[in-house]
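Down below is the structure, laid out as structure tokens.
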Amino acid sequence: MSEDSPTQNFSDERIDGYAALRSYAAIGDGRTVALVARDGSVDWYPTPDLDSVPSFAALLDNGNGGRIVLCPVEDFSVERAYVDGTNVLATTFTTTSGRVRVTDSLNTGVAGRLPWGELARRTEGLEGTVAMQWAVEPGNCFGTASPWMENSAHGPVLHAQHATIGVRGFHHGTEEVSDRSISGTFTTSPGSRHLVAVVSTHDEPLALPDPETVDAGVDRTITNWQNWMKEFSYDGPWSDAVQRSALALKLLIHSPSGAVAAAATTSLPESLDGGKNWDYRYAWVRDTAYTLNALIRFGLREEVHAAVAGMLKSIRSQGAELQVFTALNGEKAQDAEELDLPGWRGIGPVVRGNNAARQLQMGVFGDLFNIVQLYVDAGHVLDTGTGRLLADLADLACDTWQKRDAGMWELSEERHYTTSKLGCWHALSCASHLADLGQIPGPADRWRAEKERIAHWVRENCWSQERGSYVWYPGSDKLDASILLHAISGFDRSERMSSTLDALRGELGRGPLLYRYSGAEKEEGTFVACAFWLVSALVHVGRRDEAVELMDQLVPLANDVGLYTEMIAEEDHAFLGNFPQGLSHLALITAALTVHDAQEE
1 MSEDSPTQNF SDERIDGYAA LRSYAAIGDG RTVALVARDG SVDWYPTPDL
51 DSVPSFAALL DNGNGGRIVL CPVEDFSVER AYVDGTNVLA TTFTTTSGRV
101 RVTDSLNTGV AGRLPWGELA RRTEGLEGTV AMQWAVEPGN CFGTASPWME
151 NSAHGPVLHA QHATIGVRGF HHGTEEVSDR SISGTFTTSP GSRHLVAVVS
201 THDEPLALPD PETVDAGVDR TITNWQNWMK EFSYDGPWSD AVQRSALALK
251 LLIHSPSGAV AAAATTSLPE SLDGGKNWDY RYAWVRDTAY TLNALIRFGL
301 REEVHAAVAG MLKSIRSQGA ELQVFTALNG EKAQDAEELD LPGWRGIGPV
351 VRGNNAARQL QMGVFGDLFN IVQLYVDAGH VLDTGTGRLL ADLADLACDT
401 WQKRDAGMWE LSEERHYTTS KLGCWHALSC ASHLADLGQI PGPADRWRAE
451 KERIAHWVRE NCWSQERGSY VWYPGSDKLD ASILLHAISG FDRSERMSST
501 LDALRGELGR GPLLYRYSGA EKEEGTFVAC AFWLVSALVH VGRRDEAVEL
551 MDQLVPLAND VGLYTEMIAE EDHAFLGNFP QGLSHLALIT AALTVHDAQE
601 E
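Counting in the UniProt record's numbering, the sequence shown tops out at residue 601, every number present.
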């Protein structure tokens, strides 16, 4: 077991039934993710897939969303950590009468994910005696179902919309059955062992495995995670944070398609004032690019190929209408639908779907070509069809870069955003490189020439001598932290970029954290990824000591189990936005790798 993190600056106390977002740890099985609060309540668990309608969603609807409870009856304190090298969570509850350890696992099978959902909760008595309580309470599936109980020949079974749910266990007390839930109590003693497990299927018969087999599955799942981590290779600075970030990213990789989800949740607010709530259970091309950069460096071959192949298959089906993101199965994202639910701590709206996929975001050209270049430079080969598709998209980037778009931040007002132009610059840089390697056909000389036109346009129109910085868009004095990505891409690592970093920290910085753009502090929290991008950018402009100092301040801002959300409030470092956020962990990994490479050089 790894050591517990230092005490965090947040309260375990629920407000109106809702736990602080910092309170959650994530467990997963390759298709979905469950969030476990420090008080032992599983408040988020969509099944069978991460983007399914969740049967357990108290995270967004405390009254009717549903939860899976397991905790002591009396008051308790909590210590917890992931089992070393895994996404299996171990929580120790201490009461006045004794101590127990609860191990939470979304079990995996002998050869990958089980064909059903299996959330196992093992309790072990450590000291004294502790009375424990548990309950399995499915919710109304985003207001689309009314759960009901069936007394089958093999015991009670719960139904919630398309999900069929059963409880398996041993030494877990007498099951109390109501018309919508199953619950019970039991008492631990030193050395005692107890199990409560939730098994589920979706529009298919329900498997009811032997409880002892489920319990053994916890140990198998630990071994499976640890075997995966044996393939992981990194011995640089902040290794614990890097390894935890890699494990967090693995949770977000959808095993059937290889797609990388941006986050595990929908509708967690970016602002306590509401209105900025989005569904992030989709696969962004951008996030896939950053993920592959990390996975290739860590020597993880299977995930790399699955992500590239799945993404390119999806893009081929789109043709020239390049989507910023897709559903996890590769299909087009559904339009956003506002649901009649209260939202976390009453902060709405709750949405399912995301309209931003329809936007023109030219940064996606750079993200796509960056993925392919990473894949090829790692020693792989493109097929003929993919090469032709990419040549067409490179030509499209040549013609499209002069348009206005929604920018990286998916804003409603289209402008000539600086980093959108640089996304096309990066795409054409990669395309000409791939052409030189014989991997894609096409007019490489044209791509190089257009790349230089873009670079000249940005230097002439997007640099402010008065601000000493690249600006958000021409004619503006506003700043945009996404320019940091183009210190990383190599567009500019000169004194101009170094000066831009100072301007960004001066206006958008709050301690070690950074807002996304000018004025963002009025409408949202600081953006975690931006702060880690700044670490990488500092290294690239030759300011490594500052980068190390900043990294040392950022890493401890994770929660007690090493996870990050999308945003952090500057006032009290409370978590905001969807969780766990892949981009935050990707940016941490990139920053650590960049510092490590500089130290090696």
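The beta-carbon is built from N, C-alpha and C at its ideal position, and this holds for glycine as well.
Per DSSP, the beta bridge partners of ARG510 are LEU513. With respect to the 8 Å criterion, ALA357 and VAL324 are classified as neighbours on the basis of their beta carbons. Looking at the backbone, the Cα of VAL214 and that of ASN107 are separated by about 8 Å. When only Cα atoms are considered, HIS202 and SER55 end up about 11 Å apart. Burial of ALA283 is indicated by the presence of at least 16 other C-beta atoms within 10 angstroms of its C-beta.
Contact check for THR594 against HIS486 fails: the beta carbons are separated by 8 Å or more.
Note on ASP273: under 16 other CB atoms within 10 angstroms of its CB, so exposed under the neighbour-count rule. With contacts defined as CB atoms closer than 8 Å, ALA397 and LEU374 fail to qualify as a contacting pair.
In the three-state reduction of the DSSP assignment, SER200 falls in the strand class.
Residue pairing from DSSP places THR185 in a beta bridge opposite GLN133. Bounds of any alpha helix (DSSP H) do not take in HIS159; it lies within the beta strand (DSSP E) bounded by 155-160. Taking C-beta separations shorter than 6 Å and ignoring five residues to either side along the sequence, the partners of ALA259 in its chain run ALA283, GLY310 and LEU328, following chain order.
Between CYS71 and GLY28, the C-beta gap is not smaller than 8 Å, which leaves the two residues out of contact.
Per the Cβ contact rule, the stretch 543-552 is not in contact with the stretch 242-254 (fewer than 3 Cβ pairs under 8 Å). When DSSP assignments are scanned along the stretch 462-503, the uninterrupted stretches of alpha helix (DSSP H) that are 4 or more residues long and fall wholly within it turn out to be 485-488. Each residue's CA atom was taken as its position, placing ARG448 and GLY63 some 58 Å apart. The three-state reading of DSSP puts PRO138 in strand, counting E and B together. Annotation for GLY28: no alpha helix (DSSP H) segment contains it, though the beta strand (DSSP E) segment containing it runs 25-28. Taking the Cα of LEU60 as reference, the smallest distance to any Cα among TYR82, LEU339 and ARG316 is reached at LEU339.
The stretch 491-501 makes no contact with the stretch 551-561: fewer than 3 CB pairs, one atom from each, lie closer than 8 Å. Between ARG38 and ARG99, the beta carbon gap of about 16 Å keeps them out of contact (Cβ cut-off 8 Å).
Of VAL42, ARG505, TRP425 and LEU300, the smallest CA-CA separation from ALA537 is found for ARG505. When the five nearest sequence neighbours on each side are left out, the beta carbons in the same chain lying within less than 6 Å of the beta carbon of THR265 are those of ASN578 and PHE579, in order along the chain. Of all C-beta pairs linking the stretch 526-540 to the stretch 563-573, three or more are shorter than 8 Å, placing the two stretches in contact.
Under DSSP, VAL351 shares a beta bridge with GLU338. Separation of GLY468 and VAL535 (C-alpha to C-alpha, rounded to the nearest whole angstrom) is 20 Å. The continuous beta strand (DSSP E) containing SER152 extends over residues 148-152. For the UniProt domain "Trehalase-like N-terminal" (25-112), the full-length beta strand (DSSP E) segments reaching 3 residues or more read 25-28, 33-36, 41-46, 54-56, 66-72, 77-82, 89-94 and 98-106 along the chain.
Positions of the alpha helix (DSSP H) runs, each at least 4 residues long and wholly inside the stretch 234-322, are given as 239-252, 285-297 and 301-318 in order along the chain. When secondary structure is reduced to three states using DSSP, GLN581 falls in the strand class. For ALA163, the enclosing beta strand (DSSP E) has its first and last residue at 163-170. When ALA34, TRP228 and LYS403 are compared, the shortest CA-CA separation from ILE454 is found for LYS403.
Using a C-beta cut-off of 8 Å, the stretch 184-202 makes contact with the stretch 151-171, since at least three inter-stretch Cβ pairs fall below that distance.
CA-CA distance, SER464 to GLY299, rounds to 42 Å. With a threshold of 16 other beta carbon atoms within 10 Å, ALA263 meets it and is buried. Listed as beta-bridge partners of THR221 by DSSP are no residues whatsoever.
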